[in-house]
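First comes the structure, then the notes that go with it.
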Amino acid sequence: MNRPIDPDRTRLDLNPAAEPPPRVQPPVAAQGYEERYEEAAAPRYEQPIDEQRYEQHVAGQPVVEQERVTGDPDQRRRRTVGIVCTVINVLCAVFAVVLALHIILVLGSANQSNGFAGLINDWSSAVSLGLRDLFVPANEKIRTFLNDGLAAIAWLAIGALLTFLIRRFALPVPRRVSQYRRVTR
């Protein structure tokens with residue numbers, strides 16, 4: 001099949017022997033419309049003509065458009081609330097990790113005279129929320145697992161509750177963020 005190769009042909013053909021369809025020329029617009037709106041002269045498949053604007057222009061009426069007003073008046077408040085909630089979540093997560101590390105060190109029978117193990121033990125006793133003696137089974141590992149595990153879960157719940165409440169009451173009521181104003185041209 002000796003057929004000339006079309007260098008502009010970029011479509012994927014299921015039947016390469018068929019000729020490409022002819023390009024459709026756009027209809028001729030009203031006189032004077034092209035001068036004011038050059039996009040109307042473009043082919044219809046590239047730039048659609050706004051029928052309402054065209055009708056208003058032909059009828060001699062002013063063209064009314066809507067422009068989007070950029071900017072969010074509550075942006076600073078949203079950013080501040082987001083930062084505060086992030087700090088709260090990070091602190092509560094750090095406290096929960098310290099308690100989890102203490103559980104791991106106790107379950108692994110770590111040497112409490114070691115500096116790291118002593119630091120984690122002291123820090124975990126400070127953030128245990130008074131739950132160190134809630135459960136008192138005879139085995140120290142089970143006692144630590146229950147008490148510090150409950151305190152770690154409590155820290156995660158406290159962080160989630162605080163951020164929920166802060167976002168609920170400090171952020172503005174959900175509303176349409178995009179604001180529009182009418183412009184006559």
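65 is the number that the UniProt record's numbering gives to position 65 of the sequence shown; each next residue is one higher, with no gaps.
All C-beta atoms, glycine included, are put in the ideal place defined by N, C-alpha and C.
The model shown is predicted, which means the values in this text are computed figures rather than measured ones.
When the five nearest sequence neighbours on each side are left out, the beta carbons in the same chain lying within less than 6 Å of the beta carbon of residue 151 are those of 99, 128, 129, 131, in order along the chain.
In the same chain as residue 154, and ignoring 5 residues on each side of it, the C-beta atoms closer than 8 Å to its own belong to 129, 131, in chain order. Straight through space, the alpha carbons of residue 73 and residue 93 are spaced by roughly 32 Å. Rounded to the nearest angstrom, the Cβ distance from residue 81 to residue 167 is 6 Å, consistent with a contact under 8 Å. Within the segment 135-173, complete alpha helix (DSSP H) segments of at least 4 residues are found at 140-170, given in chain order. With a beta-carbon spacing of about 4 Å, residue 163 and residue 85 fall inside the 8 Å limit used to define contacts. For the pair residue 76 and residue 171, the Cα-to-Cα distance works out to about 11 Å. The C-beta of residue 105 has 16 or more other C-beta atoms within 10 Å across all chains shown, which makes the residue buried. In its chain, beyond the 5 residues on either side, 102, 105, 112 have a beta carbon closer than 8 Å to the beta carbon of residue 121. Our two residues, residue 109 and residue 138, have alpha carbons roughly 16 Å apart in a direct line.
When DSSP states are grouped into helix, strand and coil, residue 91 belongs to the helix group. From the listed residues 107, 165, 160, the smallest Cα separation to residue 148 is found for 107. For residue 133, there is no enclosing alpha helix (DSSP H), as DSSP marks it with neither H nor E. About 4 Å separates the beta carbons of residue 146 and residue 135, which is inside the 8 Å limit, making them a contact pair. Using a Cβ distance threshold of 8 Å, residue 159 and residue 88 count as a contacting pair. Around residue 125, the same chain offers 132 as residues with beta carbons nearer than 8 Å, after the five sequence neighbours per side are excluded.
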